[in-house]
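Let me begin by presenting the structure, written as structure tokens, before commenting on it.
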Amino acid sequence: SATGQFTSIDPQASAVANAYATTYHYALSRPGVLVDPAGLSAIDLMRQLGPRTRSVCGAVGYQPCLRAALWTFTARRAARARFPGPGDTPSRDAYRHCIWCGGLTVLVGPKAARAFGEAHEVDVPGSQRSRQIDRYNNRVGIAYGLLVRGGRTFSAPLTQVAELCGAALSAGILRKDTFG
Numbered sequence: 001s002a003t004g005q006f007t008s009i010d011p012q013a014s015a016v017a018n019a020y021a022t023t024y025h026y027a028l029s030r031p032g033v034l035v036d037p038a039g040l041s042a043i044d045l046m047r048q049l050g051p052r053t054r055s056v057c058g059a060v061g062y063q064p065c066l067r068a069a070l071w072t073f074t075a076r077r078a079a080r081a082r083f084p085g086p087g088d089t090p091s092r093d094a095y096r097h098c099i100w101c102g103g104l105t106v107l108v109g110p111k112a113a114r115a116f117g118e119a120h121e122v123d124v125p126g127s128q129r130s131r132q133i134d135r136y137n138n139r140v141g142i143a144y145g146l147l148v149r150g151g152r153t154f155s156a157p158l159t160q161v162a163e164l165c166g167a168a169l170s171a172g173i174l175r176k177d178t179f180g
């Protein structure tokens, strides 16, 4: 919250055997540093990020960085739900990049979304071809995020971004890599 106090408690708090555990046990009592996006275990987001992405976080601040990191997990889960199965597929990858950057645009703005997208492409290994395709799909997502963000009439802007990216994939607007 604006006061720096955390407003949600661990829903599993009553199941914690340790009588001295806090209601912020989900983040090992360090919710300002650790998060638990999947509800399974606390992670230190900054250690999960590559050096270029950490640099973007330093430029945009902790709260936008936290929003971006949490949206990364959400976008990954949404892509897996839409395209189930093992491994990464070209359709899942294209959709994930689109909704990731579109959602970032809604959550932290287009400038930060572009910076996070570019940092990701530098930090994560891949071929030049894959990076070009990912950058294109990131740009499409940012355009959809701007459309949704500018409308201010959508009740669920992140859902709207996901729907637009799904339609773009079906229409052949998003580019798919063959990973080979």
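Per the numbering used here, residue 1 is the first one in the sequence shown, and the count goes up by one each step. Even for Gly, the Cβ is constructed at its ideal location relative to N, Cα and C. Computed from a predicted structure; not experimentally measured.
Validate contact between the region 73-85 and the region 114-131 using beta carbons, cut 8 Å, 3 pairs: no
Under the three-state reduction of DSSP, which class applies to F83: helix, strand or coil? coil
Find the nearest neighbour of S170 within the set C98, Y62, G87, R131, judged by alpha-carbon distance. Selection C98, Y62, G87, R131 evaluated against S170 yields C98 as nearest (Cα-Cα).
Rounded to whole angstroms, what is the Cα-Cα separation between G141 and K176? One C-alpha to the other measures close to 14 Å.
Alpha carbon to alpha carbon, how far is A69 from C57? Give it in angstroms, no decimals. 10 Å
Kindly indicate the opening and closing residues of the alpha helix (DSSP H) around L198. Shown here, the chain extends from 1 to 180; a query on residue 198 therefore has no answer.
Can you tell me the Cα-Cα spacing of G145 and Q160, whole angstroms? Distance between the alpha carbons of G145 and Q160: 9 Å.
Which listed residue (Y62, V108, L164) has its alpha carbon closest to that of N137: L164
Could you check which residue in V122, G103, R67, R54 has the C-alpha nearest to that of A156? Nearest option by C-alpha distance: G103.
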